[in-house]
Every structure is written in structure tokens, then in C-alpha cells.
């Protein structure tokens, strides 16, 4: 049986000492903390997490919002939204508003916003106009992805209907 002999004189001058170990550990953790810091910075810069500008005041107004929702349900309106992409790339939104007996609701002002769930800078306002009795439509340019349709129907300046619905545009 042959045995291999290791010649330690040819292995170089490297010696694993305490200072090399501590420098390696410190370097490792510096890299980890730097990577975590960069990731945290980029996360906060790309999405602040803010859904509303005045969260405390909106929280205090929560009961008022519940009463508005009950009043909205009591009026019995039905709102159907249809969204399509035209050949030009524009997004076409059609809204049909009817009352509890399916009679079209005319004469309301409809404010519509396509809101990006992750970046408010990408929000797209739709100028919606009444096309026929109870049918409102508008177009805008928005990219593909998830969007929230924030639709408000106003009569004499008061919000009479409000809804937010999540959609996916292709």
C-alpha cells in the first residue's frame, strides 16, 4: 500500500490566525448589513406604505364612512364597470349606473381614477362623460398590471356613490 506524503513546505506562507478569523467575520457582517441597508432603502423609496394622506383623521371619521356606506346601500344603485383596451393602447372604461328598478341614473358627475396599488405616481385620471342615459365612458393611457378603479358619482357636489374595485389590465 502506498501512502501519499504531504509536503508542508510547499503549501505557502498562509497561516490562519485569530486576526484573520476576526477580520473575515467582521467583513462578512459588514457585507450583510450593507446589503440589508440597500434593500431597506430601495424598499422605502419605491413604496412608502402610505395609503392615505391623513390616517389619524380618517380613522376618526370611520363611523361617518360606515353611515355613508349604509346610505349608499339603501339607495339600491347598481354600477357595472367594463374596461377594455383599444387598438391604440388606450384604456376605455364604460360605467352603467341604474337604480333599484334598473332605471338609468342620469345627471351625475362621475370622477374616476385608475390607481396603482404600489405607486401613486402612476395613477391615471379618466375624464368620464355621460354617453347616454345612465352610461358614462372615458379613456386614458395606462400600462398593464393591477389597478384600482376609484369611482365616485357626485350630485350637486355631494358624493352619492363611491366604489373601489381591483382589476388587471393586459
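Numbering (the working numbering), first residue to last: 83 to 252. The C-beta atom is built at its ideal place from N, Cα and C for all residues, glycine as well. In this text the structure is predicted, and so the values were computed from the model without any measurement.
Taking 8 Å as the limit between beta carbons, can you name the residues of its chain near residue 191, skipping five residues before and five after? Within the chain shown, the letter at position 109 stands for residue 191. Only 235, 236 and 237 meet the Cβ criterion.
Going by DSSP in three states, residue 250 sits in which element: helix, strand or coil? On the chain shown, residue 250 is found 168 positions in, with the first residue counted as 1. Of the three classes helix, strand and coil, the one that applies to residue 250 here is strand, per DSSP.
Decide if residue 121 is buried, meaning its Cβ has at least 16 other Cβ atoms within 10 Å, or exposed. Sequence index remark: in the chain shown, residue 121 carries index 39 (1-based). With fewer than 16 other beta carbons inside 10 angstroms of its own, residue 121 counts as exposed.
Out of 150, 163 and 125, point me to the one whose CA is closest to residue 240's CA. Stepping through the chain shown from its first residue, residue 240 is reached at position 158. Put simply, of 150, 163 and 125 the residue whose alpha carbon is nearest the alpha carbon of residue 240 is 150.
Could you pull out every unbroken beta strand (DSSP E) segment of at least 3 residues lying fully inside the segment 142 to 209, listed in chain order? Whole beta strand (DSSP E) segments, 3+ residues: 160 to 167, 173 to 180, 191 to 197 and 206 to 209.
Helix, strand or coil at residue 106 according to DSSP, with G and I counted as helix: Your numbering for residue 106 matches position 24 in the chain shown. The three-state reading of DSSP puts residue 106 in helix, counting H, G and I together.
Going by C-alpha distance, which of 216, 251 and 142 is nearest residue 161? As a first step, residue 161 must be located in the chain shown, where it is residue number 79. Comparing Cα positions, the closest option is 216.
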